[in-house]
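As structure tokens, the structure follows; a few thoughts come after it.
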Amino acid sequence: MLIVYHRLAHRWQNVFLLIASYFFYSAWDYRFLSLILISTGVDYFVGLRVHAAREAGRSKVARRFLLLGVCTNLGILAFFKYYGFFVDSAQSLAEAVGLEFVASSLTIVLPVGISFYTFQAMSYAIDVYRGKLAPTRNLIDFAVYVAFFPQLVAGPIERAAHLIPQIQTPRTVSIDDVREGLLLIGTGLIRKVVIADVAGTIADTYFSAPGKASSTQLLMAAYLYSMQIYGDFSGYSNIARGAARLMGFDLIRNFHHPYFAVSVADFWHRWHISLSTWLRDYLYIPLGGNRGSGRRTRINLTLTMLLGGLWHGASWNFVIWGGLHGVYLVIHRLVRGRRRAKATKIGAVFGAFVTFHVVTLTWIPFRLTGFSDVAAYFEGLARFDFSYDPILWSVVFFAVVLLLIDGPQAVTNDEYVLARRWPVALAPAFGVTLIAVLLTSGGVQTPFIYFQF
Amino acid sequence: MGIVATVLLAEGLLRIPAVAEAVPERNPYYHGGVQERIDALEALQAESDIDVLFIGSSVVRSNVSPHAFDDEVSVALGRPITSFNVGGSGLHPDSVRLLYERLWSELVQPGYVIEFVRYAELRSDKTAQEFFAGSDIERAWAEGGIAGSTRSFLQEHSALYRRRGVLATWLSHEKPPKGYKIDDRGHSESKPSLSEALATRDHSDIAGYEAIASGYGDPLDEETFTTGLAVLERTAEVVEDSGSIYVIANMPEYPEKFLAAPDGEERYQFYLDTLEEFARERGIVFLDVTGGDVNEYGAMELYSDYHHFTETGATRLSKELALAFAITFG
């Protein structure tokens, strides 16, 4: 595919990318391609109309068109992702207050990646409305922006101001792009295949029956899941960025060593950055951000995190997960507001240790969808029957591999430190990656976790 | 170049005996029992030719005792014969066919190959391709083409490839799956465990009954066995091409599996008639020790679960099959 792509002229490269992206998406279910086409068509039209209305000084008309774009995207998302959740919740609520409520039941299949591309398309219309972006008049360029296959199904959620100019202008690929792109793909494969898939399989054995596991096993399962979800999601992001880089695109960085974060607020500057900044720019700030009273800011924070949790899935456990992070952020603001101590190394290490454990234990309601399982998990952990378990060595192994990847990058603050400082070591590192992938892959494919969102 | 050198270095290291021993290869077959059978078969062939080979799923593995069969046939025919059991866990008829075609027929040329089938297997539309998706050798055989040939080549020549997934297994602290203990003829004894549950005859009390019995109450028509019969047809061709006589035999099952549905007896008869007609049209011998009676193997002490026999059941089936075999081929 890369050979064909690089042989084409710039305009044809975009056509080729569009066909490849639609083909890629159709491989899951061709019927849902229609949703991408609707989202693309509506937002393309809305962008042009909003811009025209703004130029003519007709702000009410611009607002109406923006509303059309936002409602279309949210409508698609609400129907395909949240219909069942809202109906079930309404039914439970009605039953709780003694009302009879019979809702029509529909079995709706969740289109893969719907949360990612609807958010991406929506941000375009909003940015045009805000005057931050001129609308693109080339439908193919815009369609590539919405459906760009490396990041279509699991992000990073790109901003139009960042990606569309790269689509519009001819792209070049240097030897550094190739090196760094391959490095991203290689580290992505290790994160996904060597860490996430194996750690996830081990964790599953304990999460499948949390009531039967010892406290040690439950704690180790939480560590393993923590590494699984990080390895899985950051692995996908890296592979997507690496593949894009080989085609001359620079996608935004989605993870910045989140488990080195010294506070939960710091964690959200490092974890799923494209979503957290999206929520900040299109939800938190429009709600008032931190411009109002302290109370208002805390409400805005909690609301943003609750909706961020709901973005992950139509289930109360995701809402609880988001809500907990909202509470942590509020507590962080309250504590920080009172005391601004000088950062020390020991303080940073302590902060990272506490933050990692808070974040890790908060993954439990994210991972275990049944409330009874969550209760069984924490009951088991509270038994405190800690003793040596050989699973500890697996946790150490995955942690060491992650540290080997993230450590040098974090210390040098250079994501491509291997390619830039030790280019000679690059080829053997790819060889080791191949061997590691082979030794950990058993022939059974494990889908990426974030595909479901 | 650096990538290739690193991979070749690892390959070379794994060829050093001490390293190879420290990092053992993973079981390349879909089940550890396959290698056990190969070893047992080769040991037996050093002493005697194989006259009869039993193929099929786990019901063959546990329900057919070659020793009991040989004793009975030898008496009936007045000459010693030797049989061997290569029935394997969880196999569908297409997987049985593939294993015979690619493995057993290469190792042994018996006079007769007897394949046992039961109702649920004949109505299955599972293919060997999907069944062996997680294994190395069988997957390569099932895939065929360039992908299959590449896998086969790597499996044969690469020490590194033969260790696929071993790190994941080590990290998981997985114990090797509990194998079954086979005798020198490939037969494994099942533990009598469900007699009490079976004795209640109350299906709701028997864990997993609904799932196990699924399919025994589904609508039945002429298409039900189309895929299964097509697979048997291919197996017959392979067996005949290898110079052996192909025999199909019906494997009795616990009658309640059929009788839980209102049309159970008719269903059982329809299944037998279909098999018999197929065999007649194809010129294959069909053996049925139940004589068309679903209750013939109804005694609880014969079963360790709904279709695996206890040693008592295995001995009875093997002896009755031996008599039918001796009468047909004697």
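Chain order of the listed sequences is A and B.
If you count by our numbering, then the first sequence holds residues 414 to 866, one letter each, in order.
If you count by our numbering, then the second sequence holds residues -3 to 326, one letter each, in order.
Positions of the beta carbon are idealized from the N, C-alpha and C atoms, including for glycine.
Owing to the predicted nature of the structure, the values given are computational and were not obtained by experimental measurement.
I need the straight-line Cα distance from Glu262(B) to Gly279(B), nearest angstrom please. By one-based count along the second sequence, residue 262(B) stands at place 266. By one-based count along the second sequence, residue 279(B) stands at place 283. Their backbone Cα atoms lie some 25 Å apart in a straight line.
If I'm right that Arg796(A) touches Ser628(A) with Cβ under 8 Å, what's the distance once you round it to whole angstroms? Here residue 796(A) is taken as the residue at index 383 of the first sequence, counted from 1. Here residue 628(A) is taken as the residue at index 215 of the first sequence, counted from 1. 5 Å between Cβ atoms; contact.
Which residues bound the beta strand (DSSP E) around Ser79(B)? Taking the second sequence and counting its residues from 1, one reaches residue 79(B) at position 83. Segment 79 to 81, the beta strand (DSSP E) holding Ser79(B).
Give the interface partners of Ala16(B) over in chain A, defined as CB-CB distance under 8 Å, in chain order. Counted from its first residue, the second sequence places residue 16(B) at position 20. In chain order: nothing, as chain A lies at least about 14 Å away.
Would you call the segment 650 to 665 of chain A and the segment 599 to 611 of chain A touching, i.e. three or more CB-CB distances under 8 Å? yes
If you measure from the CB of Phe662(A), is any heavy atom of the ligand HEM nearer than 6 Å? Of the ligands one can find in the structure shown there are none, so the ligand HEM has no counterpart to examine.
Using a Cβ-Cβ cut-off of less than 9 Å, give me the residues of the segment 26 to 56 of chain B that come near chain A, in sequence order. none
When Ala226(B), Pro62(B), Ile77(B), Val235(B) are compared against Ser120(B), the one with the closest alpha-carbon: Numbered from its first residue, the second sequence carries residue 120(B) at position 124. Nearest of Ala226(B), Pro62(B), Ile77(B), Val235(B) to Ser120(B), Cα basis: Ala226(B).
Report yes if the CB atom of Met535(A) is closer than 7 Å to the CB atom of Val474(A), and no otherwise. Working through the first sequence from its first residue, we reach residue 535(A) at position 122. Working through the first sequence from its first residue, we reach residue 474(A) at position 61. No, these two residues do not count as a Cβ contact at 7 Å.
Can at least three beta-carbon pairs, one atom from the segment 153 to 172 of chain B and one from the segment 14 to 23 of chain B, be found at a separation below 8 Å? Taking a cut-off of 8 Å on C-beta distances, the segment 153 to 172 of chain B touches the segment 14 to 23 of chain B, as three or more cross pairs fall below it.
Note down, in chain order, each residue of its chain lying with its Cβ closer than 6 Å to the Cβ of Leu430(A), except the 5 sequence neighbours on either side. Your numbering for residue 430(A) matches position 17 in the first sequence. Only Val557 meet the Cβ criterion.
Using CA atoms only, rank isn't needed, just tell me which of Gln105(B), Glu32(B), Phe282(B), Thr146(B) is closest to Ser85(B). Your numbering for residue 85(B) matches position 89 in the second sequence. For the residues Gln105(B), Glu32(B), Phe282(B), Thr146(B), the minimum Cα distance to Ser85(B) belongs to Glu32(B).
Identify whether Asn427(A) lies in helix, strand or coil by the three-state DSSP scheme. Mapped onto the first sequence, residue 427(A) falls at position 14. In the structure shown, Asn427(A) sits in a helix (DSSP, three-state: H, G or I).
Helix, strand or coil, according to DSSP, for Phe810(A) in the structure here? Taking the first residue of the first sequence as position 1, residue 810(A) is located at position 397. The answer is helix: DSSP assigns Phe810(A) an H, G or I state.
What residues from chain A crowd round Asp(-2)(B), counting only those whose CB sits closer than 7 Å? Here residue -2(B) corresponds to residue number 2 of the second sequence, with the count starting at 1. The amino acid occupying residue -2(B) in the given sequence is Gly; Asp does not appear at that position. The answer, in chain order, is Ala840, Pro841, Gly844.
Any alpha helix (DSSP H) of 4 or more consecutive residues that is wholly inside the segment 697 to 763 of chain A: 707 to 725, 729 to 751
Just to confirm, are Gly722(A) and Trp734(A) a CB contact at a threshold of 7 Å? Position 309 of the first sequence holds residue 722(A). Position 321 of the first sequence holds residue 734(A). Yes, these two residues count as a Cβ contact at 7 Å.
Please compile the residues from chain B whose C-beta is within a distance smaller than 8 Å of the C-beta of Val611(A). The residue given as residue 611(A) occupies position 198 in the first sequence. Under the 8 Å cutoff, chain B gives Leu163, Ala164, Leu167, Ser168.
Starting from Phe680(A), follow the alpha helix (DSSP H) in both directions and report where the run begins and ends. Counting from 1 along the first sequence, the entry for residue 680(A) is found at position 267. 677 to 683 is the extent of the alpha helix (DSSP H) around Phe680(A).
Bridge partners of Tyr242(B), per DSSP? What you label residue 242(B) is simply residue 246 of the second sequence in a count that begins at 1. Answer is Val109(B), bridged to Tyr242(B).
With 7 Å set as the bound, which would you pick, yes or no: does the beta-carbon of Glu7(B) sit closer than that to a beta-carbon of chain A? Taking the second sequence and counting its residues from 1, one reaches residue 7(B) at position 11. Answer no: the Cβ-Cβ gap between Glu7(B) and chain A never drops below 7 Å.
Decide yes or no for the touch test of the segment 229 to 239 of chain B against the segment 288 to 298 of chain B: beta carbon pairs closer than 8 Å, at least 3 of them. no
If we require 4 or more residues per run, which alpha helix (DSSP H) segments fall completely within the segment 103 to 187 of chain B? The segment 103 to 187 of chain B contains these whole alpha helix (DSSP H) runs: 115 to 118, 124 to 127, 133 to 139, 141 to 153, 162 to 168.
If you count every other CB in all the chains shown that lies within 10 Å of the CB of Ser621(A), and 16 or more means buried, which is it? As a first step, residue 621(A) must be located in the first sequence, where it is residue number 208. Exposed is the call here.
Closer than 7 Å, Cβ to Cβ, to anything on chain B: give me those residues from the segment 806 to 827 of chain A, in chain order. Ser807, Phe810
Val281(B), DSSP secondary structure in three states: Against the second sequence, residue 281(B) aligns to sequence position 285. Reduced to three states, the DSSP call for Val281(B) is strand.
Taking only beta-carbon atoms, is Ile848(A) less than 7 Å away from chain B? Within the first sequence, the letter at position 435 stands for residue 848(A). Using beta-carbon distances, Ile848(A) counts as an interface residue toward chain B, with a partner under 7 Å.
According to DSSP, residues forming a beta bridge with Val48(B): To locate residue 48(B), count along the second sequence from 1; it is residue 52. Val48(B) pairs with Ser79(B), Tyr108(B).
When the cut-off is 7 Å and only beta carbons count, does Thr2(B) lie next to chain A? As a working note, residue 2(B) is residue 6 in the second sequence. Yes, its Cβ sits closer than 7 Å to a Cβ of chain A.
So, are the CB atoms of Ile489(A) and Leu448(A) less than 7 Å apart? Reading the first sequence from its first residue, position 76 is the one you call residue 489(A). Reading the first sequence from its first residue, position 35 is the one you call residue 448(A). Yes, Cβ-Cβ distance for Ile489(A) and Leu448(A) is below 7 Å.
Where do the N-terminal and C-terminal ends of the alpha helix (DSSP H) with Pro578(A) fall, by residue? Within the first sequence, the letter at position 165 stands for residue 578(A). Run containing Pro578(A): 573 to 581, per the alpha helix (DSSP H) assignment.
Can you tell me whether Pro258(B) is buried or exposed, with buried defined as 16 or more other CB within 10 angstroms of its CB? Working through the second sequence from its first residue, we reach residue 258(B) at position 262. So Pro258(B) ends up on the exposed side.
How should Thr222(B) be labelled, buried or exposed, when 16 other C-beta atoms within 10 angstroms of its C-beta is the threshold for buried? Locating residue 222(B) in the second sequence gives position 226, where the first residue counts as 1. Exposed, since its Cβ has fewer than 16 Cβ neighbours within 10 Å.
For Tyr638(A), which of helix, strand or coil comes out of DSSP? Working through the first sequence from its first residue, we reach residue 638(A) at position 225. It is helical.
Within a Cβ cutoff of 7 Å, which residues of the same chain sit near Ala6(B), ignoring the five residues on either side of it in sequence? Looking up residue 6(B) in the second sequence gives position 10. Once the five neighbours on either side are set aside, the close Cβ partners of Ala6(B) are Leu156.
I'd like to know if Ile615(A) contacts chain B, where contact means its C-beta is closer than 7 Å to some C-beta of that chain. The residue you call residue 615(A) lines up with position 202 of the first sequence. True, the Cβ-Cβ gap to chain B drops below 7 Å.
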